[in-house]
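Notes for the one structure printed next.
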Amino acid sequence: MGRTISEKILGSHSGTAARAGDIVVAELDFMMAQDGTAPLAIRSYEGMKGGAPAHPERVALCIDHNAPSPLRSVSELHALMRSFAGEHGLELNDVGEGVCHQVMLDKAHVVPGSLVIGADSHTCTYGAVNAFATGVGSTDMAAGMLSGALWFRVPETMKVTVSGKLPEGVSAKDIALMMVGDITADGATYMALEIGGDTITALDLDGRLTISNLAVEMGAKAGLMEADDKTLEFFEGRTTASFESVSPDADARYAREIAYDVSGLEPQIARPHQVDNVCAVGEVAGVPVAEGLIGTCTNGRIEDLRSAAAVLGGRKVAAGVRLIVAPASREVMLEALREGLIEIFTEAGAAVMCPGCASCVGTHQGVPGDGENVISTANRNFKGRMGNPEAFIYLASPTTVAASCIEGKITDPREYLP
Amino acid sequence: MLLKGKAHRFGDDVNTDYIISGRHKFKTLDMDELACHVMEDLDPEFYGRCQEGDFIVAGKNFGCGSSREQAPLALKHAGVAGVLAGSFARIYFRNSINNGLPAIVCDTTEIEDGDELEIDLEAGMVRDVTKGIELASSPLPKVMLDILSEGGLVEYMSRHGSLKVS
Chain A
1 MGRTISEKIL
11 GSHSGTAARA
21 GDIVVAELDF
31 MMAQDGTAPL
41 AIRSYEGMKG
51 GAPAHPERVA
61 LCIDHNAPSP
71 LRSVSELHAL
81 MRSFAGEHGL
91 ELNDVGEGVC
101 HQVMLDKAHV
111 VPGSLVIGAD
121 SHTCTYGAVN
131 AFATGVGSTD
141 MAAGMLSGAL
151 WFRVPETMKV
161 TVSGKLPEGV
171 SAKDIALMMV
181 GDITADGATY
191 MALEIGGDTI
201 TALDLDGRLT
211 ISNLAVEMGA
221 KAGLMEADDK
231 TLEFFEGRTT
241 ASFESVSPDA
251 DARYAREIAY
261 DVSGLEPQIA
271 RPHQVDNVCA
281 VGEVAGVPVA
291 EGLIGTCTNG
301 RIEDLRSAAA
311 VLGGRKVAAG
321 VRLIVAPASR
331 EVMLEALREG
341 LIEIFTEAGA
351 AVMCPGCASC
361 VGTHQGVPGD
371 GENVISTANR
381 NFKGRMGNPE
391 AFIYLASPTT
401 VAASCIEGKI
411 TDPREYLP
Chain B
1 MLLKGKAHRF
11 GDDVNTDYII
21 SGRHKFKTLD
31 MDELACHVME
41 DLDPEFYGRC
51 QEGDFIVAGK
61 NFGCGSSREQ
71 APLALKHAGV
81 AGVLAGSFAR
91 IYFRNSINNG
101 LPAIVCDTTE
111 IEDGDELEID
121 LEAGMVRDVT
131 KGIELASSPL
141 PKVMLDILSE
151 GGLVEYMSRH
161 GSLKVS
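Chains as they are written, first to last, in the numbering used here: chain A, 1 to 418; chain B, 1 to 166.
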């Protein structure tokens, strides 16, 4: 019987013939924590009283969730991270480097076939580049830093095949939201997804990352894809490390198999307050919006900014609406500057933020007011997520957010096709 | 070990933002301060009502969402002795055990708010004293029982230095 991608990666990193259901201790290729989780990881690490990290060169800390710091107490936690990184020789990505997940990709800390943990639930994003990457908490991160390894239950795998040519104006985010709506918020709990099919092959890497990013919103442990020429092209020039991509065997065993035909898919939107509360944008068209957010680890990459700029170019955000744009990383920011996208956003009336998580995490840079509707490219619309439990968050693609901010109400982006 | 306490009933899909909101958790490592805000977006009175040793009883997918370990820690510091749910999201599940807070998988359908519960972790038995019923719970993998019995992963690692599964 053949093996899945998860079984192969966890097997090679644990020196076992790992099978779904087994519990293994596996060696980690890289680990990451951000400013919401690293301070607690540092406290746990110190409680373990173990001395130096096993592999300091495999650890990165990122200041992205509250960057720049909005509060004195947060500044003290950031200072703790800088001091810990300095003491142990760890890489520190400070304010302005961007969202941890994009930084991990830009710097090629994660490569195909690797095993990576991150103290952030959206670590599953790197599944799109064929890494077994999964979110953990702070204390697991601390144990990983100290010993270089962590225990894993080898997950069962759900195979998802997406086929058909995406209609004009419909994007990877719409596929991801459709999947969350169908599979539901816990439909893949404890499982790995293996996502493939001709639609996925046709997507650019940025779009694939968007889909893997939402794997955890279905409860999944990982959102894996196979590597192809586009994947390898991304890593060219970014790393000299050797790596080997991993494909599933033809006779691998799957817990469940699902197939989607997206040739007739419409733009999708998740309504408050659950990510799986998904419908076609048309069903809620006309709902007024007060704030838009384009960015985050879901949709802050260059292709996302290009698609939003194509809608916003030569147009203005409606009076009474604030549109916040936050590129995912310094690299994305620089490319957006070179291409004139930042100028387009600024001309359109958007507020462009420093690369980072921006208002997605509810602490700064755009906390909504009572009763306000927000339309965001992020991945969570839980009540209170953006800092106000009296606000309502809708999740959609960058073009849907852009079109909605121009109109001041939820709008099908196909009305703005070039 | 036999735990006794009162049930506080919640629904399905209680995410970690609801357990402890980002607007509080990013500010401090003081878990007693965070505990005052635990579950407040779902039930602002919860912290005031929760007694030392009480249980949270929820439906499916408890702890979904963010990886914040402040979620089980804030519950623990609010006096919660354990969470019973139909199922747990996996990151929360690990975090809970890593911090020595029992996470018990069982069919919670019949447990109502205010019921008196007795939980025997070793035997995997949940007793609803008010209803006079017994519910079987799913056993934890050995590695998680080992971590729980050491009091959490920090204590486990300080004693053993690395993880062992066999």
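Quick reminder that beta carbons are idealized off the backbone N, C-alpha and C, glycines included.
- When DSSP reads this structure, A/Lys159 sits in a beta bridge with A/Glu194, A/Glu257.
- Shown here, A/Gln274 sits in coil according to DSSP, grouped into three states, outside any helix or strand.
- Of all residues in the segment 51 to 80 of chain A, those with a C-beta nearer than 8 angstroms to a C-beta of chain B are His65, Asn66, Leu71, Ser73, Val74, Leu77, reading in chain order.
- Beta bridge pairing from DSSP links A/Cys62 with A/Gln34, A/Asn93.
- By the C-beta criterion, the segment 5 to 20 of chain A is judged not to be in contact with the segment 79 to 95 of chain A, since fewer than 3 inter-stretch pairs fall below 8 angstroms.
- Bounds of the alpha helix (DSSP H) holding B/Tyr92 are 90 to 98.
- Three or more Cβ pairs drawn from the segment 260 to 269 of chain A and the segment 163 to 175 of chain A lie within less than 8 angstroms of each other, which places the two stretches in contact.
- By the Cβ rule, the segment 371 to 384 of chain A does not count as touching the segment 342 to 356 of chain A, because fewer than three pairs are nearer than 8 angstroms.
- Of A/Pro112, A/Ile23, A/Ile117, A/Gly47, the smallest CA-CA separation from A/Met32 is found for A/Ile117.
- Annotated three-state conformation of B/Ile20 is coil, per DSSP.
- Within the segment 145 to 167 of chain A, Leu146, Ser147, Ala149, Leu150, Trp151, Arg153 place their CB atoms closer than 8 angstroms to a CB of chain B, listed in sequence order.
- With contacts defined by Cβ atoms closer than 9 angstroms, B/Ser66 and A/Ala149 do not form a contacting pair.
- The alpha helix (DSSP H) runs of length 4 or more contained entirely in the segment 364 to 416 of chain A are, from start to end of the chain, 398 to 407.
- Taking CB atoms only, A/Gln365 has no neighbour in chain B less than 9 angstroms away.
- Using a CB distance cut-off of 9 angstroms, B/Tyr18 counts as an interface residue toward chain A.
- Taking a Cβ-Cβ cut-off of 8 angstroms, the neighbours of B/Asp13 in chain A comprise Ala185, Asp186, Gln274, given in sequence order.
- With respect to the 9 angstroms criterion, B/Ile97 and B/Leu34 are not classified as neighbours on the basis of their beta carbons.
- In the DSSP assignment, B/Val57 falls within the unbroken beta strand (DSSP E) covering 55 to 58.
- Between A/Ala326 and A/Pro355, the CB-CB gap stays under 9 angstroms.
- By the C-beta density criterion, A/Pro56 is exposed, having fewer than 16 other C-beta atoms within 10 angstroms.
- With 16 or more other Cβ atoms inside 10 Å of its own Cβ, B/Arg68 counts as buried.
- In this structure, the beta-carbon distance from B/Val38 to B/Leu75 falls below 9 angstroms.
- Under the criterion of beta carbons closer than 8 angstroms, B/Val57 and B/Leu101 do not qualify as touching, at roughly 14 angstroms.
- Our two residues, A/Ile195 and A/Lys107, have alpha carbons roughly 24 angstroms apart in a direct line.
- In this chain, the alpha helix (DSSP H) harbouring A/His13 covers 5 to 14.
- According to the DSSP assignment, B/Lys6 belongs to the beta strand (DSSP E) that extends over 2 to 9.
- Around the beta carbon of A/Gly51, fewer than 16 other beta carbons sit within 10 angstroms, so the residue counts as exposed.
- At the C-beta level, A/Cys405 and A/Cys357 stay beyond 9 angstroms of one another.
- In this structure A/Arg301 is in contact with A/Leu209, their Cβ atoms being roughly 7 angstroms apart against a cut-off of 8 angstroms.
- For A/Ala188, same chain residues with a beta-carbon under 6 angstroms away, outside a window of 5 residues either side, are Met158, Met218, Gly219, Ala220 in chain order.
- Per the Cβ contact rule, the segment 77 to 87 of chain A is in contact with the segment 21 to 38 of chain A (3 or more Cβ pairs under 8 angstroms).
- No Cβ of chain A is located within less than 9 angstroms of the beta carbon of B/Phe46.
- At a Cβ-Cβ threshold of 9 angstroms, B/Arg9 and B/Ile104 do not count as neighbours.
- Within the segment 72 to 87 of chain B, contact with chain A at the beta-carbon level (separation under 9 angstroms) is assigned to Pro72, Leu73, Ser87.
- Taking a C-beta distance under 9 angstroms as the contact criterion, A/Phe132 and A/Val275 do not qualify as a contact pair.
- Cα atoms of A/Lys49 and B/Met157: separation of roughly 8 angstroms, rounded to the nearest angstrom.
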